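K.L.:
Before I ask anything, here is the structure I am working with.
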Amino acid sequence: MRPLELVSRCRYLLLRATLRSCAAARPWPKLGQARSYQIRCISQRAGPSPRAQLCATSSASKSQCPEDVAPVPILSEAAKKRLESYLALVLEKNKVMNLTAVRDEAEAWDRHIIDSAALLPVLEAAAAGFRSPKLRVLDVGSGAGLPGIVFAILKPAWQVTLLEATKKKCAFLEEVTTGLQLSNVKIVAQRAEDAGKASQLRERHDIVVARAVAELRTLAELCLPFVKVNGLWIAAKGPNIEDEVNAARNAIGQLGGRIKTITAVDSLSAGVPRTAIVVTKIKATPRQYPRLPGRPNKQPL
Numbered sequence: 002m003r004p005l006e007l008v009s010r011c012r013y014l015l016l017r018a019t020l021r022s023c024a025a026a027r028p029w030p031k032l033g034q035a036r037s038y039q040i041r042c043i044s045q046r047a048g049p050s051p052r053a054q055l056c057a058t059s060s061a062s063k064s065q066c067p068e069d070v071a072p073v074p075i076l077s078e079a080a081k082k083r084l085e086s087y088l089a090l091v092l093e094k095n096k097v098m099n100l101t102a103v104r105d106e107a108e109a110w111d112r113h114i115i116d117s118a119a120l121l122p123v124l125e126a127a128a129a130g131f132r133s134p135k136l137r138v139l140d141v142g143s144g145a146g147l148p149g150i151v152f153a154i155l156k157p158a159w160q161v162t163l164l165e166a167t168k169k170k171c172a173f174l175e176e177v178t179t180g181l182q183l184s185n186v187k188i189v190a191q192r193a194e195d196a197g198k199a200s201q202l203r204e205r206h207d208i209v210v211a212r213a214v215a216e217l218r219t220l221a222e223l224c225l226p227f228v229k230v231n232g233l234w235i236a237a238k239g240p241n242i243e244d245e246v247n248a249a250r251n252a253i254g255q256l257g258g259r260i261k262t263i264t265a266v267d268s269l270s271a272g273v274p275r276t277a278i279v280v281t282k283i284k285a286t287p288r289q290y291p292r293l294p295g296r297p298n299k300q301p302l
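Under this note's numbering, the residue at position 58 of the sequence shown is numbered 59, and the numbers go up by one with no gaps.
Next up, the structure:
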């Protein structure tokens, strides 16, 4: 394991512990009871604990192991309050608008807040070579603002754009950004197929993220046009994605991308492992992509 990946994963374990302790302080049920979590290689079926995996490497010093790190909170009090306030806004609006199928507060914290935060170490490790920490990040198909709003709260130096086609959801996102005073968030009410042709958005972003449920071939056409050359596209998927990845390799190549890594993510989403597919943009996307609205979904490359 590379030192950067090690530190990133250690930071994630601390982040998760902080988030869960924050949630536990509220009058909610304890989160994640009777669950165990491991940071796994994509091909690993079973193995030692996260601490053992992290500390068994020769590049891991004792001070880098989670249990030996000084208990300094990664999240500021302001960030904690914003995350809680954001989740409260989502659940309240969900009473009159279909933002999420999850209505239980504790489950929503696990499946939305922590699941989104779990992607941060992947982004940080993948973007370690970028010159500036002030990254331009695009969340495609943001919906209720996941994971974009969580990123904006935890990474105030990032400029986060939320791309969402549904105007009612965009209105809600405006309420959130105003209410939480998120000055680093921009909202674009447009379909990805149309926005991907706009000069102010096309190939302007360091990182593009998609947490939406869609086939990887479709997501590639919707996301890669927004990524600048040498930038990254990160798709959050479930387990057992080998066939889907293989089917998408040609499309990713056509659109100017190349798969960099496939990483297992320690997440609470629906009780199943998450996988992050990291794609590097190695050349400009041909001008004919993305195709007309609906075509990428109906006729994937």
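Where is the CB? At the ideal position from N, CA and C, for every residue including glycine.
This one's a predicted model, so the numbers in the text were calculated from it and none came from an experiment.
#1: I362: buried (16+ other C-beta within 10 angstroms of its C-beta) or exposed?
#2: Between which residues of its own chain and K229 is the CB-CB distance below 7 angstroms, once the five residues before and five after are set aside?
#3: Would you tell me roughly how many angstroms separate the C-alpha atoms of D195 and Q182, rounded to the nearest one?
#4: Taking the straight line between their C-alpha atoms, what separation do you get for P240 and A166?
#5: Touch check for the stretch 151 to 166 and the stretch 174 to 192: three-plus C-beta pairs under 8 angstroms?
#6: Select from P157, A211 and L223 the residue whose C-alpha is nearest the C-alpha of A199.
#7: Could you check whether A211 and I235 sit closer than 9 angstroms to each other, using their CB atoms as the reference points?
#8: What are the boundary residues of the beta strand (DSSP E) that includes G232?
#9: Once you ignore the five residues that flank T162 on each side, which residues in its own chain have a CB closer than 8 angstroms to its CB?
#10: First and last residue of the alpha helix (DSSP H) that includes T219?
#11: Tell me, please, which residues DSSP counts as bridged to H113.
#12: Quick check: K94 and E175, are their CB atoms within less than 9 angstroms of each other?
#13: Which one of L92, T264 and R218 has the shortest CA to CA distance from N247?
P.N.:
So, to answer that:
#1: Given a span of 2 to 302 for the chain in the structure shown, any question on residue 362 remains unanswerable.
#2: E204, R205, H206, D207 and K282
#3: 28 angstroms
#4: 27 angstroms
#5: yes
#6: L223
#7: yes
#8: Segment V228 to K238, the beta strand (DSSP E) holding G232.
#9: R137, V138, L139, D140, G149, V186, K187, I188, V189, L202 and H206
#10: L217 to C224
#11: DSSP, once it has assigned bridges, lists no residue as partnering H113.
#12: no
#13: R218
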